[in-house]
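> Please read through the structure below; I'll follow up with questions.
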Amino acid sequence: MPREDYEVVMGLEVHAELSTKTKIFCSCPTSFDAKPNTNVCPICMAMPGTLPVLNEKVVEYAVKAGLATNCEISRDSKNDRKNYFYPDTPRAYQISQYDKPLCEHGYIEIETSQGKKKIRITRIHIEDDAGKLNHDELSGGSLVDLNRAGVPLIEIVSEPDFRTIEEVDSYLKKLKSILEYIEVSDCKMQEGSFRADVNVSIRPKGSAKLGTRTEMKGMSSFRSITRAIEYEIGRQIDVIEKGGVIEQETLRWDEVSGKTFSMRDKEDAQDYRYFPEPDLVAIKLSEEYIENIRKSLPELPESRKQRYLEEYKLSEKDAGILTSSKYLSDLFEKASEICGNYKAVNNWIISDISRILNETEMDPIEIPFDAKQLAKLVTLIDKGTISSSIGKKVLEELFENPRDPEDIIKEKGWIQISDEGAIKEIVRKIIDANPQSVADYKGGKDRALGFLVGQAMKETKGKANPQMLNKMFAEELKK
Numbered sequence: 000m001p002r003e004d005y006e007v008v009m010g011l012e013v014h015a016e017l018s019t020k021t022k023i024f025c026s027c028p029t030s031f032d033a034k035p036n037t038n039v040c041p042i043c044m045a046m047p048g049t050l051p052v053l054n055e056k057v058v059e060y061a062v063k064a065g066l067a068t069n070c071e072i073s074r075d076s077k078n079d080r081k082n083y084f085y086p087d088t089p090r091a092y093q094i095s096q097y098d099k100p101l102c103e104h105g106y107i108e109i110e111t112s113q114g115k116k117k118i119r120i121t122r123i124h125i126e127d128d129a130g131k132l133n134h135d136e137l138s139g140g141s142l143v144d145l146n147r148a149g150v151p152l153i154e155i156v157s158e159p160d161f162r163t164i165e166e167v168d169s170y171l172k173k174l175k176s177i178l179e180y181i182e183v184s185d186c187k188m189q190e191g192s193f194r195a196d197v198n199v200s201i202r203p204k205g206s207a208k209l210g211t212r213t214e215m216k217g218m219s220s221f222r223s224i225t226r227a228i229e230y231e232i233g234r235q236i237d238v239i240e241k242g243g244v245i246e247q248e249t250l251r252w253d254e255v256s257g258k259t260f261s262m263r264d265k266e267d268a269q270d271y272r273y274f275p276e277p278d279l280v281a282i283k284l285s286e287e288y289i290e291n292i293r294k295s296l297p298e299l300p301e302s303r304k305q306r307y308l309e310e311y312k313l314s315e316k317d318a319g320i321l322t323s324s325k326y327l328s329d330l331f332e333k334a335s336e337i338c339g340n341y342k343a344v345n346n347w348i349i350s351d352i353s354r355i356l357n358e359t360e361m362d363p364i365e366i367p368f369d370a371k372q373l374a375k376l377v378t379l380i381d382k383g384t385i386s387s388s389i390g391k392k393v394l395e396e397l398f399e400n401p402r403d404p405e406d407i408i409k410e411k412g413w414i415q416i417s418d419e420g421a422i423k424e425i426v427r428k429i430i431d432a433n434p435q436s437v438a439d440y441k442g443g444k445d446r447a448l449g450f451l452v453g454q455a456m457k458e459t460k461g462k463a464n465p466q467m468l469n470k471m472f473a474e475e476l477k478k
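In numbering that gives the first Met the number 0, the protein residues as written are 0 to 478.
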């Protein structure tokens, strides 16, 4: 059958590292990029005789995430042992939650080219992260770093409601945005604090029976997830078309080759031999506790977007881009407050800043300059100290080596030429050098004026005041 005769069915398991100061069952710090095996203690290294103690902040953050994603919050949940052996799992089991998770039956509404769609969330539960193996290809061995062992996670499990890659992409970006807004995770994908396991299966269109699924593990890049799903759909269709059978297995995505490779057979719940964690008490939550967390929830992306539409009269598209990331949204609000020109701040973020983020595959949280520096850039243009074209160069410099925009333009000699005598001299020089364009303008071709102004900007390396140029060209050409 051709590809369009198949339906894709996908589900996601998203792991988000929580932004607590300490680990889930001990007081070791959770700071990223510390020297190997320095953020460790006997508890997270699973030394004999040690006992875990649950970090209350982990429960609070998980409940917060559940409320922000329309989940029901369990008043009575517990921790369980998920048994499996792997070198970076010191205990040979993970402390997770099985049949009584903290949060259940939620949903997120996403926007796609086909309209809005509700994606159901099966559950959100807490668990501890594993350590990390550092493979040394030269020696052929691996070294284990247990700094990450015990870092608290929430796992957000969706129903198999996804039918397109666009829906997966929209859901992940919306979920990431929500977690950023409620400040339970920094969601730094490049550091692995927001990663997804993607379950993919296919079936003939119209069939109610689910196909055999494969799972691609630990993916932490939107681009990789898109490429991996595209490849896996094609691979599964190819296997079926050739008379083969899809094996239920866990796959690894290789970014270089653009292919998936089998890691192991996919486990089911019984393979993990779940049983209640005997060293931790049940988690009992009062109505008052849950309501206090509900009241503490900040403004979420949807309501902030609506406010931007009403308060700033932004377009639906601009408001959507700004509020898709808490970091972009905060940058917009703070810079606008400082310089008083929200339209200009919006334009810089929507156009040039977004372009640079896309080109460099940088996350908004990685923007190296702050709202004060962006506001200063806008103010310098508003005052006529620099032109918009020079502003673009200043912005690139802010990404490369962030500092006061005023210092940048002084260092680079980019201060705008606004001296009337100097501008007039440039205008006359350009007119003398372009008699054909002058004739075209006098013959009614208004575009010729734009060409002459462009030549003057080129002559001054973008430093001439464009308003003064336009005015002076118009005056000189009337003579």
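Backbone N, C-alpha and C fix where the C-beta goes; we use that ideal spot for every residue, glycine too.
The beta strand (DSSP E) that contains Pro465, what's its start and end?
Here Pro465 belongs to no beta strand (DSSP E); instead the alpha helix (DSSP H) covers 465 to 477.
> Drop a sphere of 10 angstroms on the beta-carbon of Pro51, count the other beta-carbons inside from all chains shown, and report buried for 16 or more, exposed for fewer.
Buried, by the Cβ-count rule.
> Grab me the residues of Ala15's own chain with a C-beta within less than 6 Å of its C-beta, minus the 5 sequence neighbours each way, in chain order.
Closer than 6 Å at the Cβ level, and outside the excluded window around Ala15, lie Ile153, Leu178, Ser184, Phe193.
> Name the DSSP beta bridge partners of Thr21, please?
BP columns for Thr21 point to Pro28.
> Exposed or buried, Gly10, counting other C-beta atoms within 10 Å across all chains shown (16 or more means buried)?
Result: buried.
> Check whether the segment 372 to 387 touches the segment 460 to 468, taking contact to mean three or more Cβ pairs, one atom from each stretch, closer than 8 Å.
They touch, by the three-pair rule.
> Give the DSSP-derived three-state secondary structure of Leu284 in the structure shown.
Here Leu284 sits in coil by DSSP.
> Per DSSP, what are the beta-bridge partners of Ala61 in this structure?
In the DSSP output, where bridge partners are listed per residue, Ala61 has none listed.
> Where Ile94 and Tyr271 are concerned, what is the direct C-alpha to C-alpha distance, given to the nearest angstrom?
Whole-angstrom Cα-Cα distance: 11 Å.
> Run the CB neighbour count on Asp362, radius 10 Å, all protein chains shown included, and call it buried at 16 or more, exposed below.
Buried is the call here.
> Kindly list the residues whose CB is nearer than 8 Å to the CB of Glu458, restricted to its own chain and excluding five residues on each side of it in sequence; keep chain order.
Excluding residues within five positions, the ones whose Cβ falls inside 8 Å are Ile425, Lys428, Ile429.
> Within the continuous alpha helix (DSSP H) that includes Cys338, where are the two ends?
It spans 325 to 338 - the alpha helix (DSSP H) in which Cys338 sits, taken as one unbroken run.
> Quick check: Lys304 and Ala318, are their CB atoms within less than 8 Å of each other?
In this structure, Ala318 lies closer than 8 Å to Lys304 by Cβ.
> Indicate, with yes or no, if the ligand HEM has a heavy atom lying under 7 Å from the CB of Ile389.
This structure lacks the ligand HEM; in fact it carries no ligand of any kind.
> Tell me where the beta strand (DSSP E) around Asp253 begins and ends.
248 to 253 is the span of the beta strand (DSSP E), which, as asked, contains Asp253.
> Can you grab the Cα-Cα spacing for the pair Lys172 / Gln113, in whole Å?
Roughly 17 Å between the two C-alpha positions.
> Since I believe Ile201 is in contact with Ile236 (beta carbons under 8 Å), could you give me their beta-carbon distance rounded to a whole number of angstroms?
Between Ile201 and Ile236 the Cβ distance is about 6 Å, and since that is below 8 Å, they are a contact.
> Which residues does DSSP pair with Gly105 in a beta bridge?
Bridge partners of Gly105: Ile120.
> By how many angstroms is the C-alpha of Asp160 removed from the C-alpha of Ile118?
Taking the straight line from one Cα to the other gives about 6 Å.
> So, for Thr49: in the same chain, excluding its five sequence neighbours on each side, which residues have a beta-carbon less than 6 Å away from its beta-carbon?
These residues qualify, in order along the chain: Pro41, Ile42.
> Compare the Cα-Cα distances from Lys187 to each of Ile422, Lys325, Pro28 and report the closest residue.
Looking at the Cα atoms, Lys325 is the closest of the given residues.
> State the DSSP-derived secondary structure class of Tyr92, mapped to helix, strand or coil.
Reduced to three states, the DSSP call for Tyr92 is strand.
> Rank Met471, Lys382, Lys77, Ala61 by C-alpha distance to the C-alpha of Leu296 and give the top, closest one.
Answer by Cα proximity: Ala61.
> Assuming contact is defined by CB atoms lying nearer than 8 Å, are Ile123 and Tyr170 in contact in what I supplied?
Their beta carbons are not under 8 Å apart, which means Ile123 does not touch Tyr170 by this criterion.
> For Arg222 and Asn357, I'd like the C-alpha separation in whole angstroms.
Roughly 11 Å separates the two Cα atoms.
> Can you name the start and end residues of the beta strand (DSSP E) that Phe193 belongs to?
First-last of the beta strand (DSSP E) with Phe193: 193 to 203.
> Should Pro300 go down as buried or exposed, given a rule of 16 or more other Cβ atoms within 10 Å for buried?
Buried, by the Cβ-count rule.
> Figure out for me which residue from Glu309, Ser157, Ile364 has the closest Cα to the Cα of Thr68.
Closest by alpha carbon: Ser157.
> Do the segment 138 to 151 and the segment 28 to 37 touch if we need at least three Cβ pairs shorter than 8 Å?
They touch, by the three-pair rule.
> Is the segment 133 to 144 touching the segment 253 to 262, taking contact as three or more C-beta pairs under 8 Å?
With the cut-off at 8 Å, the segment 133 to 144 and the segment 253 to 262 do not touch.
> Expressed to the nearest angstrom, what Euclidean distance is found between the alpha-carbon atoms of Arg162 and Glu182?
Looking at the two C-alpha atoms, the distance is approximately 30 Å.
> Residue range of the alpha helix (DSSP H) that Leu299 falls in?
First-last for Leu299: undefined, no H or E at that position.
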